[in-house]
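If you want my numbering, it's the 1-based position in the sequence shown plus 12.
Positions of the beta carbon are idealized from the N, C-alpha and C atoms, including for glycine.
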Amino acid sequence: MLPLFVAINGFLVVALGAFGAHGLKALVAPEAMHYWQTGVRYHMFHVAALLACAFVASTCEARPRAARWAVLAACLFLLGILFFSGSLYLLVLLQKGWLGLSAAIGGVFFLLGWASLTICILRR
13 MLPLFVAING FLVVALGAFG AHGLKALVAP EAMHYWQTGV RYHMFHVAAL
63 LACAFVASTC EARPRAARWA VLAACLFLLG ILFFSGSLYL LVLLQKGWLG
113 LSAAIGGVFF LLGWASLTIC ILRR
């Protein structure tokens, strides 16, 4: 199931990056594009992290408890993408400043995801 989430998010981040570079740039202020680009950048970084989770989980078949940490990390990364990148995308599209506040929640999910992946690797 993890490879599917990697593929879907990989597709989405490329599409969102292209939309920002080619369609959105003419519609929003240049400062707003900074938020969009930050959302895309962190989304892309964490697609790579999801790929790492899928790889690490597949190498932990003999240690199911360690594999669960990789799956937990992937779930936390997905929540981070949703809250961090998603809030920045919505901030640009809807121009509602309060949406930027949920980016902090996404950042916490990212940190917890990296901690979980670290625990998984240490327990392999």
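#### Entry: Boundaries of the alpha helix (DSSP H) in which residue 26 is found, first to last residue
That run of the alpha helix (DSSP H) goes 14-31.
### Task
Tell me whether residue 40 sits in a helix, a strand or coil according to DSSP, three-state version.
Here DSSP, grouped into helix, strand and coil, assigns residue 40 to coil.
### Query
For residue 135, does the three-state DSSP call read helix, strand or coil?
It is helical.
### Query
Is it right to say residue 103 is buried, meaning 16 or more other beta carbons lie within 10 angstroms of its own, or is it exposed?
Classified as buried, residue 103 has 16 or more neighbouring CB atoms from the shown chains inside 10 Å of its CB.
### Message
Between 69, 41, 128 and 123, which has its C-alpha nearest residue 107's C-alpha?
### Response
Checking every option, the nearest Cα to that of residue 107 belongs to 41.
### Query
Is residue 64 closer than 8 Å to residue 15 when the C-beta atoms are compared?
No, the Cβ-Cβ distance between residue 15 and residue 64 is not below 8 Å.
### Message
Helix, strand or coil, according to DSSP, for residue 80 in the structure here?
### Response
Here residue 80 sits in helix by DSSP.
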